[in-house]
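Everything on this sheet refers to the single structure shown next.
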Amino acid sequence: MKRIGLFGGSFNPIHIGHLALANYLCEFSHLDEVWFMVSPQNPLKRNAQLWDDDLRLELARLATEDYPKFKVCDIEFQLPRPSFTIHTLNALKETYPNHEFTLIIGADNWALFPRWRSADEIIARHKVLVYPRPGYEVDKDELPPSITLVETPLLEVSSTFIRESLEAGKDVRYFVHPKVWERIIKLQKSLI
Ligand code: ATP
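For the sequence shown, the working numbering assigns the number 227 to the initial residue and increments by one for each residue that follows.
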């Protein structure tokens, strides 16, 4: 049985904050692997800031392909949209009955978790790992027993910072994986 951490997001684009966190969890927590689950564009919420699904997936693959404990998961592209995490977790469990999935959630998203579709069912049926984000306190004593709070190093980077820096013509290559930077630079004119 493999213990897989599921790290969902728009990854628009994937950056060193995502990669360092996932790397840390693979090496210093109970997880064997982390799967980056790229979420598709919500067709009801078209957002010009959101790069194409295929590009976000491609960049995530480029950033993760050198490290055997990372995988990119595109299951939400095959599921009905909008994708709700509970459906994704159930579909994954069915496809990979021998894996144990743990949802990885930042403290920022944890604050919103009660509003997620079937939040109670997620907690009842799946493991959840909450990690710190700057500005969001988590009270360890208030967490349900299936939720683990992990201490991780914090890197203050966001995809928004990367996109805005590109728009401003800044060279922020060290905030993304070198292969991601190379690809972005080739496409830069069409992205901004
Ligand atoms: P944006 O700036 O476009 O909102 P983002 O950088 O927050 O994007 P997401 O794709 O929304 O990236 O992130 C996916 C997940 O990664 C989210 O749960 C988010 O909380 C987390 N995350 C984002 N940045 C970091 C970081 N620097 N360190 C650890 N986790 C991060």
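Even for Gly, the Cβ is constructed at its ideal location relative to N, Cα and C.
Exercise for the section: Could you check what DSSP says for G243 in three-state terms: helix, strand or coil? Expected result: For the purposes of this step, residue 243 is taken as the residue at position 17 of the sequence shown. DSSP places G243 in helix when its eight states are reduced to three.
Practice task
Could you check which residue in L392, S384, V383, T378 has the C-alpha nearest to that of E200?
Solution key: In the structure as shown, the chain begins at 227 and stops at 418. Residue 200 is therefore absent and cannot be evaluated.
Handout entry: Cα-Cα separation, R343 to A350
Key = The residue given as residue 343 occupies position 117 in the sequence shown. The residue given as residue 350 occupies position 124 in the sequence shown. C-alpha separation (whole angstroms): 13 Å.
Handout entry: L362 - partner residues in DSSP beta bridges
Key = Taking the sequence shown and counting its residues from 1, one reaches residue 362 at position 136. Position check: residue 362 holds Tyr in this sequence, whereas Leu was assumed. Y362 pairs with R359.
Problem - Straight-line Cα distance separating F296 from E259 - result: For the purposes of this step, residue 259 is identified with residue 33 of the sequence shown, where counting begins at 1. For the purposes of this step, residue 296 is identified with residue 70 of the sequence shown, where counting begins at 1. Each residue's alpha carbon lies about 6 Å from the other.
Practice task
Could you tell me how far apart the beta carbons of Y362 and A337 are, in whole angstroms, since I believe they sit closer than 8 Å?
Solution key: In the sequence shown, the residue the question calls residue 362 occupies position 136. In the sequence shown, the residue the question calls residue 337 occupies position 111. In this structure Y362 touches A337 by the C-beta definition: roughly 6 Å separates them, less than 8 Å.
Practice task
Please state whether DSSP places L381 in a helix, a strand or coil.
Solution key: Mapped onto the sequence shown, residue 381 falls at position 155. Coil at L381, not helix or strand.
Exercise for the section: Spatial neighbours of A248 within its chain, please: CB distance less than 6 Å, with the 5 preceding and 5 following residues excluded, ordered by chain position. Expected result: As a working note, residue 248 is residue 22 in the sequence shown. The residues are F233, V260.
Exercise for the section: Quick one: residues in its chain with C-beta nearer than 7 Å to the C-beta of L276, no 5 flanking neighbours on either side, listed in chain order? Expected result: Within the sequence shown, residue 276 is the residue found at index 50, counting from 1. Around L276: S236, N238, Q267.
Handout entry: Residues that V260 bridges to, as DSSP identifies them
Key = Position 34 of the sequence shown, counted from the first residue, corresponds to residue 260. DSSP lists G231, F296 as the bridge partner or partners of V260.
Practice task
For the stretch 281 to 300 and the stretch 240 to 247, state whether three or more C-beta atom pairs, one from each stretch, are separated by less than 8 Å.
Solution key: The stretch 281 to 300 is in contact with the stretch 240 to 247.
Exercise for the section: With a 10 Å radius around its C-beta and 16 neighbouring C-beta atoms as the bar for buried, classify A289 as buried or exposed. Expected result: Here residue 289 refers to the residue found at position 63 of the sequence shown. The residue in question, A289, is buried, as its Cβ has 16 or more Cβ neighbours within 10 Å.
Handout entry: Residue environment, M263, which counts as buried when at least 16 other CB atoms sit within 10 Å
Key = Numbered from its first residue, the sequence shown carries residue 263 at position 37. Buried, because 16 or more other Cβ atoms sit within 10 Å of the Cβ of M263.
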